[in-house]
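Under my numbering, think of the first position of the sequence shown as 230, with each following residue one higher. Note that beta-carbon positions come from the ideal geometry of N, C-alpha and C, so glycine has one too. These notes are about the structure you will find just below.
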Amino acid sequence: MEMLTVEKIAFSYGGLQVLQDISFSVKKGEKVALIGPNGAGKTTVLNVLTGLLTPQLGNIRLLDHDITYRPTHTRASLGLARSFQVSSLFPQLSVLSNVLLALHGVQRTSRQMIRSMTAYKTYVDRADELLESVDLLPKRNALSRFLSHGEQRRLELILSLASSPKVLLLDEPTAGLTSEESSELAQMLLKPTHKNGDDLAVLFVAHDLDLVFTLAERILVLYYGIIIAEGTPEEIQANQSVREIYLGETKGA
């Protein structure tokens with residue numbers, strides 16, 4: 230089942246064509262990597278998918294919903310979630326409070342702030358469950374700004390999962406992490422803790438090729454706004470055009 234379908238998307242800033250005829254899909258439970266050199270348009274793709282930018286051409290579907298021109302909050306309510314390359318945590322709040330806010334924000338009672346969020350036992354129990362899944366439960370009462378960079382990235386991951394999305398978009402999830410931290414995060418992404426479980430479709434942008442070849446079942450290669458290759462990790466590794474872009478190899482070299 231296709232969870233996310235992108236058809237012939239085009240986007241430009243003024244006269245600068247950033248994306249051209251972008252088409253792909255992400256299936257239920259599939260993990261797809263979007264790679265390419267700096268300036269290829271990868272983050273622009275995510276911004277178009279989440280509604281931060283509006284394409285000039287093309288269509289985007291989330292399951293049976295045409296979301297091409299839907300606002301960001303509507304896409305989120307339909308099951309699309311995203312984490313950003315830049316930290317989106319509340320640094321002056323505790324780790325637990327960050328998670329409670331994320332959980333509260335996706336509930337029908339999200340505008341009812343008369344009671345303390347900690348008064349909602351189901352929220353606290355779910356928050357603790359999420360924190361335990363990324364080994365952050367012992368730091369639930371610490372201010373998020375005192376977490377290490379790797380811990381902050383793990384916290385951001387579960388904030389993205391708080392809404393139990395159908396499709397999760399990740400922008401450079403291992404940026405700034407050590408090799409060990411990147412490996413730990415990859416294992417967490419392989420087993421996301423939320424009610425959709427193994428059905429979660431993931432599209433992630435990454436320069437970390439170790440993460441790409443560990444996590445991705447399929448890889449899209451973007452080059453100057455065009456998808457020039459698509460395939461399994463093995464097919465992409467053997468693709469001559471991709472090798473030229475990433476390794477500077479020439480045919481027959």
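* DSSP beta-bridge partners of residue 460 -> As DSSP reads the structure, residue 460 sits in a beta bridge with 448.
* Asked: Under three-state DSSP, which class holds residue 417?
  -> Helix at residue 417.
* To do: Decide if residue 245 is buried, meaning its Cβ has at least 16 other Cβ atoms within 10 Å, or exposed.
  => It counts as exposed.
* **Segment limits, beta strand (DSSP E) that includes residue 239** => From DSSP, the beta strand (DSSP E) with residue 239 extends over 231–242.
* N- and C-terminal bounds of the alpha helix (DSSP H) containing residue 350 -> Its alpha helix (DSSP H) spans residues 350–362.
* Asked: When DSSP labels each residue in this structure, what does residue 377 get in the three-state scheme?
  -> Residue 377 falls in the coil class under three-state DSSP.
* To do: Below 8 Å CB to CB, which residues in the same chain sit around residue 327 once its five sequence neighbours on both sides are set aside?
  => If the five residues before and after residue 327 are omitted, its C-beta is found closer than 8 Å to the C-beta atoms of 318, 319, 373, 384 and 388, all from its own chain and listed in chain order.
* Residue ranges of each beta strand (DSSP E) run of no fewer than 3 residues wholly in the stretch 303–329, ordered along the chain? -> List check, beta strand (DSSP E) in window: 309–312.
* Asked: Roughly how many angstroms lie between the CA atoms of residue 285 and residue 353, to the nearest whole one?
  -> Straight-line Cα distance between these residues: approximately 43 Å.
* In chain order, what residues of the same chain lie with their CB nearer than 7 Å to the CB of residue 441, ignoring the 5 residues before and after it? -> Exclusion of the five residues before and after residue 441 leaves 262, 264, 435 and 448 as the residues of its chain whose Cβ lies within less than 7 Å of its Cβ.
* Asked: Is residue 383 helix, strand or coil when you go by DSSP?
  -> It is helical.
* To do: Apply the 10 Å Cβ neighbour rule to residue 409 and answer buried if 16 or more other Cβ atoms are within range, or exposed otherwise.
  => So residue 409 ends up on the exposed side.
* So what does DSSP say about residue 276, is it helix, strand or coil? -> If DSSP states are grouped into helix, strand and coil, residue 276 belongs with the helices.
* Can you tell me whether residue 394 is buried or exposed, with buried defined as 16 or more other CB within 10 angstroms of its CB? -> When all chains shown are included, residue 394 counts as buried.
* Among the residues of its own chain, which have a CB less than 8 Å from the CB of residue 417, if the five just before and after it don't count? -> Around residue 417: 362, 363, 383 and 386.
* Asked: Do residue 287 and residue 236 have their CB atoms nearer than 8 Å?
  -> Contact flag set, yes.
* Alpha carbon to alpha carbon, what distance is there between residue 396 and residue 299? -> Using only the alpha carbons, I get a separation of about 16 Å.
* If residue 368 sits next to residue 431, beta carbons under 8 Å apart, how far is it from one beta carbon to the other, in whole angstroms? -> Not really, about 25 Å apart at Cβ, beyond 8 Å.
* To do: Please report how far the alpha carbon of residue 463 lies from the alpha carbon of residue 413, in whole angstroms.
  => Using only the alpha carbons, I get a separation of about 23 Å.
* Using the beta-carbon count (16 or more within 10 Å), is residue 420 buried or exposed? -> By the neighbour-count rule (16 or more Cβ atoms within 10 Å), residue 420 is not buried but exposed.
* Asked: residue 273: which of 322, 295, 249 and 291 sits nearest, CA to CA?
  -> It is 249 whose Cα lies nearest to the Cα of residue 273.
* Strand pairing of residue 455, partner residues [DSSP] -> The partner list for residue 455 (beta bridge, DSSP) reads 452.
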